[in-house]
Structures are given as structure tokens and as C-alpha cells.
Amino acid sequence: MNARVLFPFSAIVGQEEMKRALLIAAVDATLGGVLVFGDRGTGKSTAVRALAALLPPMRVVVGCPYSCSPDAPAGLCEQCSQPGAKAKTALVPVPVVDLPLGATEDRVVGALDIERALAQGVKAFEPGLLARAHRGFLYIDEVNLLEDHIVDLLLDVAASGENVVEREGLSIRHPARFVLVGSGNPEEGELRPQLLDRFGLSVEVTTPSDIATRIEVVRRRDAFERDQAGFAVSWAAEEAKLRRRLVAARKRLPEIVVPDESIGHAARLCIALGTDGLRGELTLIRAARALAAYDGEREVGLAQLRAVAPAALRHRLRRNPLDDTVATTRVERAIAEVLAA
392 MNARVLFPFS
402 AIVGQEEMKR
412 ALLIAAVDAT
422 LGGVLVFGDR
432 GTGKSTAVRA
442 LAALLPPMRV
452 VVGCPYSCSP
462 DAPAGLCEQC
472 SQPGAKAKTA
482 LVPVPVVDLP
492 LGATEDRVVG
502 ALDIERALAQ
512 GVKAFEPGLL
522 ARAHRGFLYI
532 DEVNLLEDHI
542 VDLLLDVAAS
552 GENVVEREGL
562 SIRHPARFVL
572 VGSGNPEEGE
582 LRPQLLDRFG
592 LSVEVTTPSD
602 IATRIEVVRR
612 RDAFERDQAG
622 FAVSWAAEEA
632 KLRRRLVAAR
642 KRLPEIVVPD
652 ESIGHAARLC
662 IALGTDGLRG
672 ELTLIRAARA
682 LAAYDGEREV
692 GLAQLRAVAP
702 AALRHRLRRN
712 PLDDTVATTR
722 VERAIAEVLA
732 A
């Protein structure tokens with residue numbers, strides 16, 4: 392069976408903030424994921440799947456239901472960490488797992504394998520969506536409509552990087568570290584503050600208003616639909632170039648210097664905006680460091696802070712009843728005042 396051909400990431404027209412946020416999250420998966428809010432039909436799900444396809448294959452332990460990495464012994468599951476275990480390895484694509492709105496808790500976290508229990512009389516664990524998403528992307532469309540108990544569950548796993556299941560006589564613990572990507576239309580409801588704050592970056596996408604951009608979007612999409620394989624080949628060189636840049640950024644990330652001056656800029660910006668806690672500063676610095684790695688810089692500077700500040704901070708602002716200015720405008724105004732050259 393032929394592999395599904397995905398629209399190339401490098402061929403996506405416009406939506407620069409969304410693409411930059413996803414690339415940053417791919418460089419540093421510890422950022423906390425990306426929230427994409429905006430109009431329907433603006434390429435949100437296309438970008439997520441295209442990014443995963445762009446990433447180099449990951450090495451896994453063959454037969455492991457959690458896709459454990461043989462290169463990270465500290466993060467192995469119980470099965471793979473057994474003394475003397477010598478497992479075969481293989482390269483597989485980075486997974487993108489969809490979490491449907493109507494998914495049950497059992498489907499998300501995993502549950503007792505009923506078929507094996509009835510046929511063999513043994514208690515075996517059937518991994519859920521969190522297991523499949525480990526080391527990849529967990530994508531939630533219409534995340535603002537997700538049921539509260541699933542939201543609470545995701546918060547626990549996102550904070551710990553581990554999924555714990557204790558039910559029906561089972562006690563299972565397995566790694567579950569993934570890049571959480573949520574998308575939605577703000578007109579259909581707001582996101583719970585607890586989950587909103589967990590997203591590292593939040594970006595806004597809109598339908599392009601200029602004719603030239605709209606023409607180019609339609610032209611490329613139509614070309615892709617008519618000849619998917621041929622279109623992918625025509626963008627292969629650009630995809631390879633972007634892949635090399637991502638791989639280099641990941642290797643460079645630990646070496647990026649964050650001067651105290653840059654941390655001070657981040658702190659002053661968050662104070663000016665009145666963000667709660669210190670998650671804003673931490674995310675801003677991490678995102679700026681990832682962008683510096685992607686840009687080939689040696690240290691975090693004002694350029695990186697200005698570029699990522701809206702995405703890192705707009706969803707962390709308190710509502711001011713005396714100021715109905717949209718969050719993005721408030722952040723941009725603060726950037727102009729605090730991060731002036």
C-alpha cells in the first residue's frame with residue numbers, strides 16, 4: 392500500500408507566526424506545545440502533519456508499544472528497561488496522533504485488553520492514544536470543546552511526562568512525552584485557563600486578505616490535489632534544506648547562551664504585561680533560545696525576544712475591564728516600550 396503523501400511544510404503560503412511556532416516546538420519539545428486559534432481552512436492541521444513528516448525518522452525499540460528510544464535509557468518503559476534486554480531497533484516516522492473530541496478516557500490513557508482477558512484469562516494492558524503519541528505530536532482539533540475530565544487528564548500527563556493507569560487490577564506506568572498541538576475557532580468557545588496556560592506558545596491565524604497571497608494558496612493547493620507525488624517532488628529540495636536546518640538547530644540548542652541581560656528584558660516585559668507566575672518568562676526564554684538555535688545564532692538577543700514574545704505571552708494576560716485592547720496589541724505595545732533598541 393502506498394504511503395500517504397502530505398502537503399510539504401515549506402510549500403505553505405503565509406501564516407509565518409504559526410510556522411515559526413511549530414518549528415520552535417520541533418527544536419525544543421519541552422516548550423509545552425502550540426495552540427493555534429483562527430479561521431477554518433487556514434492550514435492549521437495541514438501544517439502540523441507537514442511538520443511531523445518533515446522531521447527525520449526516530450529510532451525506536453522494535454515491539455515496544457511506547458516507541459521507546461534506545462538512546463535514552465533513563466526514559467525507557469518497564470519492558471525495555473529490564474536487565475539484560477537486548478532489543479532490535481528500527482527507524483519510524485514521527486507520529487501525529489489525533490485526539491477526537493468524543494474520545495473516552497480509556498481510549499486516551501489505555502485500558503484492560505478485554506479480548507486477551509476473555510481468550511487467555513490474563514490481565515494485559517492495551518495502550519491508548521497517549522502511548523501512541525509518545526515522542527511525537529498529539530493533535531487536538533477544536534481543543535476548546537474538549538471535555539473537562541479529558542482536559543484534567545492531559546494536564547497531569549503534560550506536567551509529569553508520564554501516564555499512570557491504575558484500574559481493573561492493572562497498575563501501569565509508561566512514558567508519555569509529546570508536543571501538544573491544539574487548534575480551534577475562538578467563536579466556538581474559550582479554552583479553560585488551566586489548559587491555556589499549559590501551552591507554551593499561542594498563535595493566531597487569519598484568512599489572508601490580499602489577492603496575491605490567496606491566488607498563490609489556491610494555485611499550490613490545486614497543483615497538489617492534481618498530482619500529489621509530483622508536487623512533493625518539486626518541493627523535495629526545500630524540504631531537505633529545512634530538515635537539515637532543524638536537525639542542526641536541535642544539536643546547537645544546548646550551546647546557546649542566554650545572557651542575564653536577555654533574562655532581564657524578559658522579566659521586565661512580563662512585569663509590564665502583568666502576567667501571573669514565572670511561566671511567561673521561562674517560556675519566553677526557552678522559545679527565544681530555540682529560535683536562536685534555528686537562526687544559527689550563538690546567543691539570545693533582542694531580535695529573538697521580539698519575534699517570540701507575542702506567541703509566548705498573549706495567552707497569559709489578565710483581562711483588564713478598563714482596557715478592551717486585544718491581547719496581541721497589548722503585547723506589541725509592551726514590546727515597543729520595553730524592548731526598544
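Under our numbering, residues 392 to 732 are what the sequence shown spells out, in order. Glycine residues also receive a C-beta, built at the ideal position from the N, C-alpha and C atoms.
Assigned secondary structure, residue i (DSSP; H/G/I helix, E/B strand, else coil)
i    : result
Y457 : coil
A731 : coil
D462 : coil
V717 : coil
F516 : strand
G501 : strand
E469 : coil
E581 : coil
V396 : coil
V555 : strand
V404 : coil
D547 : helix
L708 : coil
T495 : coil
G668 : coil
P599 : coil
Residue i burial status per 10 Å Cβ neighbour count (16 or more: buried)
i    : result
P744 : Because the chain spans 392 through 732 in this model, residue 744 falls outside it and cannot be assessed.
K435 : buried
I662 : exposed
L536 : exposed
E595 : buried
I602 : exposed
V572 : buried
S551 : exposed
L675 : buried
E672 : buried
R680 : buried
S653 : buried
D419 : buried
K410 : buried
D462 : exposed
H525 : buried
I606 : exposed
M392 : Because M392 carries a pLDDT of 40, less than 50, the predicted location of this residue cannot be relied on, and no value is offered for it.
D715 : With a pLDDT of 45 at D715, under the threshold of 50, the predicted position of this residue should be treated as unreliable, though the coordinate-derived value follows. Classification of D715: exposed, given that the 10 Å Cβ count is below 16.
L660 : buried
L591 : Strictly speaking, residue 591 in this sequence is Gly, with Leu absent from that position. Answer is buried; the Cβ neighbour count reaches 16.
P566 : buried
E408 : buried
L637 : buried
V453 : exposed
A481 : exposed
L414 : buried
Cutoff 7 Å; reference residue i; Cβ partners in own chain excluding five residues on either side
i    : result
P456 : P518 and A522
V404 : T604, E607, V608 and R611
L664 : L704, L708, R721, V722 and A725
H540 : E496
P701 : T719, V722 and E723
Beta-carbon contacts of residue i that lie in its chain and below 6 Å, excluding the five residues immediately before and after
i    : result
R697 : I726 and L730
L713 : Because the pLDDT of L713 is 42, which lies under 50, any placement of that residue in the model is unreliable, and the number read from its coordinates should be weighed accordingly. Here the set comprises nothing.
V570 : A416, A420, G424 and F528
D532 : S574
V488 : L520, R523, A524 and L529
N- and C-terminal bounds of the beta strand (DSSP E) containing residue i
i    : result
V570 : V570 to G575
S593 : L592 to V596
A603 : No beta strand (DSSP E) holds A603; the alpha helix (DSSP H) holding it covers I602 to R617.
V488 : V487 to D489
S562 : L561 to P566
Bridge partners - residue i, DSSP secondary structure assignment
i    : result
D430 : D430 pairs with nothing; no bridge assigned.
T480 : V452
N535 : In DSSP, N535 forms no bridge with anything.
F528 : V487 and V570
E690 : V648
V425 : V572 and L592
First and last residue of the uninterrupted alpha helix (DSSP H) at residue i
i    : result
H656 : D651 to L664
V648 : Neither: V648 is in no alpha helix (DSSP H) and is coded neither H nor E.
T421 : Careful: T421 lies outside any alpha helix (DSSP H) and carries neither H nor E.
L445 : K435 to L445
Neighbourhood of residue i by C-beta, 8 Å cutoff - its chain only, sequence neighbours within 5 removed
i    : result
R670 : D588 and R707
T597 : G429, D430 and T433
S600 : none
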